[in-house]
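Undergrad: Here the numbering used here = 1-based position in the sequence shown + 14.
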Amino acid sequence: MTSSAIQFIWNNKILKIDNPDPNETLLNFIRLKIKKTGTKEGCAEGGCGACTVVLAELKKNTLTYKAINACISFVTILQGKQLILVEDLSNNDGSLHPVQKAMVDYHGSQCGFCTPGFVMSLFALTKDYSSYTEENIKDSISGNLCRCTGYRPIMDAAKSLNNKNRSDKFVKNKKKIINLLKKIKSENINIKNKNKKYFAPTTVTELKKIIKDYPNSNFLSGGTDLSLIVTKDRKDIDNIISLNSINELNFIEKKNENIIVGASTPLREFELFIKKYYPDFASILNRYGSVQIRNVATIAGNIATASPIGDTLPLLLSLDAKVVLQSLNKKTILPLKNFFVSYRKTKLKKRQFIHSIIIPIFKKNIFKAYKISKRIDDDISSVCASFNLEVKNKKIKNIKIAYGGMASIPKRAINCEKNLINTNISEENIEKTKKTLEKDFKPISDMRASKNYRMEIAKNLLMKCLMEIKNNKLLRLN
Ligand SMILES: Cc1cc2nc3c(=O)[nH]c(=O)nc-3n(C[C@H](O)[C@H](O)[C@H](O)COP(=O)(O)OP(=O)(O)OC[C@H]3O[C@@H](n4cnc5c(N)ncnc54)[C@H](O)[C@@H]3O)c2cc1C
Ligand code: FES
Ligand code: FES
Numbered sequence: 015m016t017s018s019a020i021q022f023i024w025n026n027k028i029l030k031i032d033n034p035d036p037n038e039t040l041l042n043f044i045r046l047k048i049k050k051t052g053t054k055e056g057c058a059e060g061g062c063g064a065c066t067v068v069l070a071e072l073k074k075n076t077l078t079y080k081a082i083n084a085c086i087s088f089v090t091i092l093q094g095k096q097l098i099l100v101e102d103l104s105n106n107d108g109s110l111h112p113v114q115k116a117m118v119d120y121h122g123s124q125c126g127f128c129t130p131g132f133v134m135s136l137f138a139l140t141k142d143y144s145s146y147t148e149e150n151i152k153d154s155i156s157g158n159l160c161r162c163t164g165y166r167p168i169m170d171a172a173k174s175l176n177n178k179n180r181s182d183k184f185v186k187n188k189k190k191i192i193n194l195l196k197k198i199k200s201e202n203i204n205i206k207n208k209n210k211k212y213f214a215p216t217t218v219t220e221l222k223k224i225i226k227d228y229p230n231s232n233f234l235s236g237g238t239d240l241s242l243i244v245t246k247d248r249k250d251i252d253n254i255i256s257l258n259s260i261n262e263l264n265f266i267e268k269k270n271e272n273i274i275v276g277a278s279t280p281l282r283e284f285e286l287f288i289k290k291y292y293p294d295f296a297s298i299l300n301r302y303g304s305v306q307i308r309n310v311a312t313i314a315g316n317i318a319t320a321s322p323i324g325d326t327l328p329l330l331l332s333l334d335a336k337v338v339l340q341s342l343n344k345k346t347i348l349p350l351k352n353f354f355v356s357y358r359k360t361k362l363k364k365r366q367f368i369h370s371i372i373i374p375i376f377k378k379n380i381f382k383a384y385k386i387s388k389r390i391d392d393d394i395s396s397v398c399a400s401f402n403l404e405v406k407n408k409k410i411k412n413i414k415i416a417y418g419g420m421a422s423i424p425k426r427a428i429n430c431e432k433n434l435i436n437t438n439i440s441e442e443n444i445e446k447t448k449k450t451l452e453k454d455f456k457p458i459s460d461m462r463a464s465k466n467y468r469m470e471i472a473k474n475l476l477m478k479c480l481m482e483i484k485n486n487k488l489l490r491l492n
């Protein structure tokens, strides 16, 4: 079955949009078509959170709620979901939702421009967690900027929710929404709007057929990079193939000492999974964009973008990850270190897409990763470094080091690795090895950091990693 309409739930009803403009942002749809202006536009690039809305989705017969940035989502993201806007939170008698009431009671708003976004992020927090700690509150609002109230009253408002009754109208309406969502059939979407086309196949087989007919299309996963072509570059994307309705591509599994992640698995799900195997990987992801970004963005999108400062890339390189590339008639497994060709150029061929990523589990190894950026939350790296090493009787038996932000592609530090293998970790050796990074990398200066700063940081992170291992303690500032 194929449909040219997207269907979603809003205000307890199923709504249908026939052949929507596939480049229309969800934010424009909300503000201009359904004329709800509580959701604001601040930055239009996913950085301020003023446009935060919540989508509820049916997973294993229960509803899961996700805060997302409407400004960098296309309206097609609504397919098969419930849209929840800030206007939808209050009760029919006009009384406020507990989150809104807490923001009033604790003076969490002054000019109010950012407030709807904060309210929606905190609303999603109340659906995600049963208690609200400093840590999970900070995480949930890390993608929301406020420039006048300050964050303390907002934190106080969120903490006060711990003592409030959790039942709201969404809890009461749960069954009704689940029944409505079940009425929206999972079907292939095929939209034509003037010269633009949008496809959302539900199987890999169907996907291959579309790729064959439309080889110049853009794949859409989370859209956190792709959508900026529309919102920032102000260009049209003529053909989009969404990978988000293909359940076969949304998985994480552990198989034969490997973790395999499907291409359309959101980073937030991966973050929770990887914590057990590589806690530092999860710590880096915790500082990757914001919850709104990680709720939709994927590792596959990060790899395909091939940015030299993509955060997962040095980590995956040091873990010897492989990409599974799917073309029309075969799957190829390529080591990630051979995937990046030059600045934002990869080995990905026409009619080929990333199917999944294979990450080996190094049981005996120490894995460490560090991200240096101008601010802690919601910022892109100046330098990101990752170390994966096996140390036996104080000797380095195996080592893989990779850096982001140090070259035109994310890259292994081969000379540095050679210098360290089969040596003892000593201060003298570390000092000598730091120099080898100058052979491995010739960083550039840009708005994020100067080349000298980058090199100094790279050397210091190497030292930090080895000193942490030598002294068996973390050298970290909170
Ligand atoms: C506010 C904000 C903060 C950000 N913070 C960070 C950060 O801290 N660290 C970081 O590394 N990045 C960050 N990013 C960049 C972005 O979120 C990541 O690169 C993300 O991983 C991209 O994934 P996506 O699923 O959204 O990709 P999309 O935008 O959907 O796609 C990106 C590119 O990859 C292609 N593509 C997607 N999936 C596939 C596939 N399966 N096969 C082949 N090609 C594919 C698309 O066609 C497109 O060219 C941020 C972006 C924003 C807007
Ligand atoms: S408007 Fe700033 S994140 Fe959307
Ligand atoms: S209340 Fe004014 S920006 Fe937050």
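In this text, a Cβ means the ideal position worked out from N, Cα and C, and glycines have one as well.
Quick check: the region 86-102 against the region 235-248, are at least 3 beta-carbon pairs closer than 8 Å?
TA: The answer is yes - the region 86-102 touches the region 235-248, with three or more Cβ pairs under 8 Å.
Undergrad: Just to confirm my understanding: we take Pro130, look at its own chain, exclude 5 residues before and 5 after, and list those with CB closer than 8 Å. What are they?
TA: Walking along the sequence shown from the start, residue 130 turns up at place 116. Only Gly52, Thr53, Lys54, Ala64, Thr66, Val100 meet the Cβ criterion.
Undergrad: Between which two residues does the beta strand (DSSP E) harbouring Ser256 extend?
TA: Translated into positions along the sequence shown, residue 256 becomes position 242. Its beta strand (DSSP E) spans residues 253-256.
Undergrad: Hey, is Lys249's beta-carbon within less than 8 Å of any beta-carbon in chain D?
TA: In the structure shown, chain D does not exist; there is a single protein chain.
Undergrad: Leaving out five residues before and five after Asn327 in sequence, what residues of the same chain have Cβ atoms less than 6 Å from its Cβ?
TA: Locating residue 327 in the sequence shown gives position 313, where the first residue counts as 1. Checking the displayed sequence, the identity of residue 327 turns out to be Leu instead of Asn. Closer than 6 Å at Cβ, skipping near neighbours: Gly418, Pro424.
Undergrad: Counting beta carbon pairs with one atom in the region 380-399 and one in the region 450-463, are three or more of them shorter than 8 Å?
TA: Short answer: they touch.
Undergrad: Quick check: the region 445-459 against the region 473-487, are at least 3 beta-carbon pairs closer than 8 Å?
TA: Cβ pair count under 8 Å is three or more, so yes.
Undergrad: So which residues put a beta carbon under 6 Å from any heavy atom of ligand 2, going in chain order?
TA: Selection output, chain order preserved: Glu55, Gly56, Cys57, Ala58, Gly60, Gly61, Cys62, Gly63, Ala64, Cys65, Asn83, Cys85.
Undergrad: Go ahead and pull the three-state DSSP assignment for Ala84.
TA: One-based indexing of the sequence shown puts residue 84 at position 70. Helix, per DSSP.
Undergrad: State buried or exposed for Val185, treating a residue as buried only when at least 16 other CB atoms are found within 10 Å of its CB.
TA: Here residue 185 refers to the residue found at position 171 when the sequence shown is read from its first residue. So Val185 ends up on the exposed side.
Undergrad: Classify Met117 as buried or exposed, calling it buried when 16 or more other Cβ atoms lie within 10 Å of its own Cβ.
TA: Here residue 117 refers to the residue found at position 103 of the sequence shown. Buried: at least 16 other Cβ atoms inside 10 Å.
Undergrad: Below 8 Å between beta carbons: does that hold for Gly164 and Gly236?
TA: Translated into the one-based positions of the sequence shown, residue 164 becomes position 150. Translated into the one-based positions of the sequence shown, residue 236 becomes position 222. No, Cβ-Cβ distance for Gly164 and Gly236 is not below 8 Å.
Undergrad: Is the distance from the Cβ of Lys80 to the Cβ of Asn309 below 8 Å?
TA: As a first step, residue 80 is located in the sequence shown; it is residue number 66 there, counting from the start. As a first step, residue 309 is located in the sequence shown; it is residue number 295 there, counting from the start. Cβ distance < 8 Å, so Lys80 and Asn309 count as in contact.
Undergrad: Using three-state DSSP, classify Ala427 as helix, strand or coil.
TA: Within the sequence shown, the letter at position 413 stands for residue 427. Correct three-state label for Ala427: coil.
Undergrad: Cβ of Ser396 versus every heavy atom of ligand 1: is any distance shorter than 7 Å?
TA: Locating residue 396 in the sequence shown gives position 382, counting from the first residue. It does not: the Cβ of Ser396 is nowhere closer than 7 Å to a heavy atom of ligand 1.
Undergrad: So is Met4 buried or exposed if we call it buried at 16+ other beta carbons inside 10 Å?
TA: Since the first and last residues shown for the chain are 15 and 492, residue 4 lies out of range.
Undergrad: Cα-Cα, which of Lys190, Ala296, Ile444 is closest to Ile28?
TA: On the sequence shown, position 14 is the one that residue 28 refers to. Per the Cα distances, Lys190.
Undergrad: Do Ile483 and Ile372 have their C-beta atoms closer together than 8 Å?
TA: Residue 483 sits at position 469 when you count from the first residue of the sequence shown. Residue 372 sits at position 358 when you count from the first residue of the sequence shown. For Ile483 and Ile372, no; Cβs fall outside 8 Å.
Undergrad: Under the criterion of a Cβ to heavy atom distance below 7 Å, does Arg358 qualify as lining ligand 3?
TA: Position 344 of the sequence shown, counted from the first residue, corresponds to residue 358. No, since every heavy atom of ligand 3 falls outside the 7 Å radius drawn around the Cβ of Arg358.
Undergrad: Going by CA-CA distance only, name the one from Thr16, Phe455, Gln96, Lys336 that's closest to Ile205.
TA: For this step, residue 205 is matched to residue 191 along the sequence shown. The shortest Cα separation from Ile205 among Thr16, Phe455, Gln96, Lys336 belongs to Thr16.
Undergrad: What number of angstroms, rounded off, separates the C-alpha of Gln340 from the C-alpha of Val275?
TA: In the sequence shown, the residue the question calls residue 340 occupies position 326. In the sequence shown, the residue the question calls residue 275 occupies position 261. Each residue's alpha carbon lies about 14 Å from the other.
Undergrad: Would a C-beta distance cut-off of 8 Å place Ile260 and Thr217 closer than the cut-off?
TA: Within the sequence shown, numbered from 1, the residue matching residue 260 stands at position 246. Within the sequence shown, numbered from 1, the residue matching residue 217 stands at position 203. Closer than 8 Å, so yes.
Undergrad: If I measure Cβ to Cβ from Ile198 and keep anything under 7 Å in the same chain, skipping five residues before and after, which residues do I get?
TA: For the purposes of this step, residue 198 is taken as the residue at position 184 of the sequence shown. For Ile198, where only same-chain residues beyond five positions count, the Cβ hits under 7 Å are Gln21, Ile28, Gly94.
Undergrad: Using 8 Å for Cβ pairs, my map puts Ile203 next to Tyr291. What's the rounded Cβ distance?
TA: Within the sequence shown, residue 203 is the residue found at index 189, counting from 1. Within the sequence shown, residue 291 is the residue found at index 277, counting from 1. Actually they do not touch by this definition, with Cβ atoms about 35 Å apart.
Undergrad: Work out the CA separation of Ala58 and Leu92 for me, nearest whole Å.
TA: For the purposes of this step, residue 92 is taken as the residue at position 78 of the sequence shown. For the purposes of this step, residue 58 is taken as the residue at position 44 of the sequence shown. So the two alpha carbons sit approximately 19 Å from each other.
Undergrad: With H, G and I counted as helix, E and B as strand and the rest as coil, what does DSSP make of Phe500?
TA: For residue 500 there is no data in the structure shown, the boundaries of the chain being 15 and 492.
Undergrad: Going by the CB atoms, is the gap between Ser231 and Ile192 shorter than 8 Å?
TA: Counted from its first residue, the sequence shown places residue 192 at position 178. Counted from its first residue, the sequence shown places residue 231 at position 217. No, they are not a contact pair.
Undergrad: Would you identify the three-state DSSP class for Lys408, choosing helix, strand or coil?
TA: Stepping through the sequence shown from its first residue, residue 408 is reached at position 394. Reduced to three states, the DSSP call for Lys408 is coil.
Undergrad: Using a 10 Å radius around the Cβ and a threshold of 16 neighbouring Cβ atoms, would you call Asn436 buried or exposed?
TA: What you label residue 436 is simply residue 422 of the sequence shown in a count that begins at 1. Under this definition Asn436 is an exposed residue.
Undergrad: Comparing the CB of Phe367 with every heavy atom of ligand 1, is any distance shorter than 7 Å?
TA: Here residue 367 refers to the residue found at position 353 when the sequence shown is read from its first residue. Indeed, a heavy atom of ligand 1 lies less than 7 Å from the Cβ.
Undergrad: Just to confirm my understanding: we take Glu267, look at its own chain, exclude 5 residues before and 5 after, and list those with CB closer than 8 Å. What are they?
TA: Locating residue 267 in the sequence shown gives position 253, counting from the first residue. Around Glu267: Ile273, Ile274.
Undergrad: Could you have a look at Val310 and say whether DSSP puts it in helix, strand or coil?
TA: For this step, residue 310 is matched to residue 296 along the sequence shown. Correct three-state label for Val310: coil.
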